[in-house]
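So the structure is just underneath, and the comments pick up after that.
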Amino acid sequence: MISHPIPIMAPEYGINRTSFDFIVVGGGQSGLVVASRLSEDVDKTVVVIEAGSDRQGDTRIDTPGLMTTLYDDPDYDWKHMTVPQSNANNRQISWPRGKVLGGTSAMNFSALVYPAKSDFDNWATLVGDQGWNSQGMASYLKRFHNYQAPNPELKKRMMMHWVDEEAQGYDGPLPASFTNELGAFNEAWMRTFAELGLNLPGDPISGDKQGAFQNPLSIENGVRAYSASAYYNAKVAKRPNLTVITNALVEKIVLEEGKDASGLVSAKGVQLVDASGERQIVQANKEVIVACGAIKSPQLLELSGIGAKHILSNHGIEAVINNAHVGENLQDHVLTSISFEVADDQISGDIMRDSNIVESVVKLYQDTRTGPLSGTPLSFAYTPLVSSSGIIPQADVETLLRRSLDGVSYYTANQDLEKQYKLLRRQLLDSRESSIEFMYIPLQLNENPSSGPTDMTKLFSKSHDGNYITLVTMLMHPFSRGETHITSGDPNEQPRLDPQYLSHPIDIEMLARALLFVRKIAKTNPLAFMLKPNGRRIPPVREESPESLGETSSVLVDDDLEDAKRIVRERLFTAFHPSGTYAMLPRDQGGVVDSRLRVHGSANIRVVDASIFPIEPLGHLQSTVYAVAEKAADLIKTDWIRSMSGGK
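Sequential numbering of the sequence shown, starting at 9, is according to our numbering.
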């Protein structure tokens, strides 16, 4: 509520209106999608308000291989950090989030890794709207991208027989291409999983995936493509009905006094502080659309008076809509890894510690837009639950689930999560479903086994001599749930982030077993041929002295589940995929938005980012966020067309 006069949009903003039909708060990945689609209607005025800068054309963003230079830089990164994680040796873990126009799509690894069909089907079941099922979402997975097929030589070398050209999107604004920088390790990855009997059944975009594959990237001709370049390109920026304001922090949504005849609260605009430090009001004729991401969206809503009464009152904020689910249900894909020293006749990304090589690579990219900086040469694979010997037999999975779920207090005490857990359990019991991701990264990772913060600089530091590659394993459907909430009524203060990693006992059971399977991958040819015989590893094996590598952690012993669990706790890290904090669910089941993404209890506030995911989907979130944002735009358009025709 506003108790003192604040000016309506000052002329120095360079705009000639004091109100807009739609206010989009957050010019990140989803916000620009929705704004671009809504402004296709010339009769609708749209404004996007972004806290960061418009850095289109910035070399560090445009160059795919320079993404790690953006992390921990406050000009690009919000620099979030979790509270100490009790199940991860009290370590604090960095959560980079993009603070630029385009959001985190400007600083991610550019990977387009699609969700499973069952993920969308689960959403539809939970929210009670079949428009969110896999069939309903299939067209949106196509709509956002423009597929560019791999060249024949690359397709053959990478065993990409599974590519389904007809399943791709060709009319979307975001390029989806395959880097030509895939090398010998990528090829060995594909053949190793074939040797293990894990062959991809079809194109990953179809939603059925087990086995290894090469993913498309949001890159075109060696240059990053992201929501700013794709959805706010020069043509879109010329639309007279679309305004984008950068370097402006929205402090809160301004709510109307009282409720309407339906008992709903309406937003009349937003309060912001502009680049000059002036506080302003922008008025909304129709809707306020929140697109600040899984961390910032709940923060904004709590600052606006939408959240748990006991949390808001502690910071002097009136709970206009009292909903204790705001900021809850926080989920994230968690990972752990082993780095392996490569054979003497192989090279890895660790050679980039040599300044002469770096200089040559930079010049190659500047001259030709090719070379290591032009793409992210990752490789992926998905499996059901696995352990040291391979896929875990069905009977053993059932035993593990009974032991880890039935009667466990965490499982039984969270009634809001009961339906989610039943669906996750069903996925784990289905041998056709994947629950674990494996990823090849062409350099060493250092997840900082000691206590204290693990920031991105430490993660990518080449702290060990020699050349390594890293095999990552990642939990796709975690049972653990965390929370994020404001720590102050000051919008400049960071919210408290507590993902509560491994708080549900089954998560470490699954991830530790997957870590043992990493060893099996590394022992399987042809990948095994490319690793140094008796080479070093991070963390070291029993035969090595941890001190020889500067390690403080215990060693990883083959087939020892308890040692694997210890390594998981010491080297757990985020996959940068937070979601779920503004869940699309019925309000009495933990929900904050309905199936049309309207905030429960509000007449005209929607949320359109990853915070609405009720359950974390398989894959990397970029593709799912684009698809959800495309659907959100359609929902908004449809609702306003319906309202103009009398609700018919």
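Backbone N, C-alpha and C define an ideal beta-carbon position, used for all residues, glycine too.
Between the options, which lies nearest to residue i when the distance is taken from Cα to Cα?
i	options	result
L483	V328, Y634, G627 and W140	G627
S619	G599, G609 and S610	G599
P134	E455, E426 and N456	Note on residue identity: the sequence assigns Leu, not Pro, to residue 134. For the residues E455, E426 and N456, the minimum Cα distance to L134 belongs to E426.
G301	T344, K125, R63 and A59	A59
R63	L409, Y84 and L74	Y84
F621	Y390, H585 and R527	H585
L505	V526, Q435, R527 and T582	T582
K125	I644, T632 and M652	T632
Y234	K317, P183 and D29	P183
D463	D29, T76, T67 and D66	T76
Q597	A332, S345, W648 and L437	A332
P507	S587, D498, V526 and L432	S587
R287	L320, T646, V91 and P499	P499
R434	R68, L413, M447 and D362	L413
S274	S653, A611 and M652	A611
V33	P212, A256, K528 and W170	A256
In the structure shown, what three-state DSSP assignment does residue i receive?
i	result
L308	helix
S553	Low per-residue confidence applies at S553: pLDDT is 48, beneath 50, and the placement is therefore not dependable enough to give any value.
T646	helix
V633	helix
D484	The question names Asp, yet the displayed sequence has Met at residue 484. If DSSP states are grouped into helix, strand and coil, M484 belongs with coil.
M582	Looking at the sequence shown, residue 582 is not Met but Thr. Three-state DSSP puts T582 in a strand.
N194	helix
N154	strand
P534	coil
I494	coil
N207	coil
N116	coil
H617	In the sequence on display, residue 617 carries Asp and not His. Correct three-state label for D617: coil.
F128	helix
Tell me which residues share the same chain as residue i and place their Cβ nearer than 8 Å to its Cβ, disregarding the 5 neighbours each side in the sequence.
i	result
G277	S27, I31, I261, V262, I289, V290, Q291, A292 and V296
V366	M360
S439	P392, I399 and Q402
I623	D127, N130, W131, L134, Q339, Q428, L431, L432, H485 and G588
Is the CB-CB distance between residue i and residue j below 8 Å?
i	j	result
A196	P534	yes
L479	I444	no
G313	A327	yes
N154	P123	no
R232	P72	yes
V350	K470	no
F117	A635	no
E455	G335	no
V589	N364	Looking at the sequence shown, residue 589 is not Val but Thr. Taking 8 Å as the Cβ cut-off, T589 and N364 do not qualify as a contacting pair.
K466	A520	no
R45	A641	yes
Y373	L381	yes
N207	G191	no
N2	E578	Residue 2 is absent from the structure shown; the chain starts at 9 and stops at 656.
G383	L225	yes
V252	L580	no
L451	E406	no
Per DSSP, residue i forms a beta bridge with which residues?
i	result
K260	Q279
N330	G315
Y448	S387 and L479
T76	According to DSSP, T76 bridges with nothing at all.
S587	Q339
D85	G106
H169	None; H169 has no bridge partner.
P183	N154
T462	I101
Looking only at its own chain, which residues have a Cβ that is under 6 Å from the Cβ of residue i, when we skip the five neighbours before and after it?
i	result
E552	Any reading at E552 needs caution, since the residue's pLDDT is 47, under 50, leaving its predicted position unreliable; the model's value is listed next. Here the set comprises nothing.
G144	none
A637	S38, V41, V42 and V616
D70	V231 and R232
T112	R105 and G106
G474	E349
F468	T76
R199	P534
S345	L453, T478 and V480
Sorted by chain position, which residues of the same chain lie with C-beta nearer than 7 Å to residue i's C-beta, five sequence neighbours on each side aside?
i	result
M168	P158 and Q222
R165	E195
G215	Y122, P123, A124, K125 and S142
L557	Because the pLDDT at L557 is just 48, under 50, the model does not fix this residue reliably, and the value given afterwards should be weighed accordingly. Counting only Cβ-Cβ distances below 7 Å, and skipping sequence neighbours, we find H472, R544, I546 and P548.
S237	Q64
N95	Y509, L510, S511 and R577
Should residue i be counted as a contact of the ligand GTP given a C-beta to heavy atom distance under 7 Å?
i	result
D375	With respect to small molecules bound, the structure shown includes none, and the ligand GTP cannot be examined in it.
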